[in-house]
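Peer 1:
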Amino acid sequence: MSELVIGGAGFIGVNLAERLLQHGKKVVVFDNFSRKGTDKNIEWLKKNFPSVKVVKVDIRKDLMALENSVKDAENVYHMAAQVAVTTSVTNPREDFEINALGTFNVLEAMRKTESNAMLVFASTNKVYGALEQVEIEETAKRFDFKKLKKGVSEEMPLDFHSPYGCSKGAADQYVRDYNRIYGLNTVVMRQSCIYGKRQFGIEDQGWVAWFSIATLLNKKITLYGNGKQVRDVLDVRDLVDAFELVVKNKKKTTGEIFNVGGGPANAISLLEFLEILEHKLGKKISYKKAGERPGDQPVYISNNKKIEKTLGWTPKISYKKGINDLVEWITQNKETIKEVLQ
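Throughout the sequence shown, residue numbering follows our numbering, covering 220 to 561 in sequence.
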């Protein structure tokens, strides 16, 4: 039996594959290699773990490959996605096909083959929309929730906002319902702002990595909105810990939905993050400002109480430690990153 990581050449996928391989698991990676940097991630993974099996697969089209692999998998981790809100606005059809149709194809492959594998689906906090019904307060450097001091729980009503929010939200609900209707072993992980090593962040997605990369490589930074937007950032190593606990405790987690993010202790604004970078690197960071992006939540902070109560999971890596480690990885891999960003 294998561990199937769909989207395993991406940032989260490759970190997950690394952990599974470190634990001696047989790992199969699916990816269509459409995103810049995925080839570099797999090159690194193969070099360090020659046993990994890598297959170029497009989950929108390669249905036979999906069926053949899920029936032999112990666990299926679905990390493949179109991940940028801005891209979804300019190309909503592709966004739909990758996120909604691609996920539907994974589910159908598991249903048709009567798979008993656990499906771990990487969802997003964007399924909660712009949270316009939640009162916000503004201070000098950040927005904050006026009342939701512990963050957004799974009880928050869904409100898909932006084509990305719609495509991921549809996938999120399909994954949930295939457990209820067909008895598939599924779990939905509504992730907040994930960052860490092997993240080739770009302006449209992965802002923690992008701001760090742009600063170290002297590239131009654009701050959309006033910079007071707040996210609870989560180191990818903590996220992988959560994945491991989810599959280890299938009886508790099958059919469940979990919010998983850095929580209130790891909530920072864009302006606060830039200050941390300036202090870390000893240089003033210049940037230009632009208008707000569609569907951009002023604040999003995860309430992790459900996953903490169910599995005992809490983030272990503080944002200061995680950002420090990310900057070190970027510093050590500047040439590779330059090549990817060309």
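Each residue gets a CB set at the ideal place from its N, CA and C atoms; glycine is no exception.
1) Can you give the Cα-Cα distance for residue 546 and residue 553, rounded to whole angstroms?
2) Where residue 334 and residue 291 are concerned, what is the direct C-alpha to C-alpha distance, given to the nearest angstrom?
3) Just tell me which of 263, 514, 528, 448 has its CA closest to the CA of residue 347.
4) Which of helix, strand or coil does DSSP assign to residue 551?
5) Excluding the 5 residues flanking residue 249 on each side, which residues of the same chain have their C-beta closer than 6 Å to its C-beta?
6) Note down the Cα distance separating residue 320 from residue 390, rounded to an integer number of angstroms.
7) Report the partner residues of residue 485 according to the DSSP bridge assignment.
8) I need the straight-line Cα distance from residue 559 to residue 258, nearest angstrom please.
9) Starting from residue 399, trace the alpha helix (DSSP H) both ways and give me its first and last residue.
10) Would residue 343 pass as a contact of residue 409 if the rule is Cβ separation under 8 Å?
11) Out of 532, 427, 300, 419, point me to the one whose CA is closest to residue 543's CA.
12) Fully enclosed by the stretch 423-484, which alpha helix (DSSP H) runs are 4 residues long or longer?
13) According to DSSP, residue 329 sits in a beta bridge with which residue or residues?
14) Terminal residues of the continuous alpha helix (DSSP H) containing residue 258?
15) At which residues does the alpha helix (DSSP H) containing residue 309 begin and terminate?
16) Provide the residue span of the alpha helix (DSSP H) that contains residue 287, from first to last.
17) Would residue 497 and residue 360 be called neighbours here (beta carbons separated by less than 8 Å)?
18) Under 8 Å by Cβ, that's how I've got residue 453 and residue 534 pegged, so tell me the actual separation to the nearest angstrom.
19) On the DSSP bridge list, what partners appear for residue 409?
20) How big is the Cα-Cα spacing for residue 279 and residue 315?
21) Pick out the complete beta strand (DSSP E) segments inside the stretch 506-532, 3 residues or longer, and give them in chain order.
22) Using 10 angstroms around the beta-carbon of residue 510, count the other beta-carbons present and answer buried if the total reaches 16, otherwise exposed.
23) Which residue from 438, 305, 354 puts its Cα closest to that of residue 512?
24) How long is the line joining the alpha carbons of residue 415 and residue 281, rounded to whole angstroms?
25) What residues are listed by DSSP as bridge partners for residue 297?
26) Is the Cβ-Cβ distance between residue 234 and residue 455 less than 8 Å?
27) Could you check the C-alpha separation between residue 393 and residue 323 for me, to the nearest Å?
28) Indicate whether the contact test is met: 3 or more Cβ pairs, each with one atom in the stretch 473-481 and one in the stretch 361-376, closer than 8 Å.
Peer 2: Walking through what the data contain:
1) 10 Å
2) 8 Å
3) 514
4) helix
5) 225, 274, 276
6) 8 Å
7) Paired residues: none, contrary to the question.
8) 9 Å
9) 381-401
10) yes
11) 427
12) 426-435, 455-467, 469-472
13) DSSP lists no partner for residue 329.
14) 257-267
15) 304-309
16) 282-289
17) no
18) 6 Å
19) 342, 478
20) 10 Å
21) 507-509
22) exposed
23) 305
24) 30 Å
25) 225, 340
26) yes
27) 7 Å
28) yes
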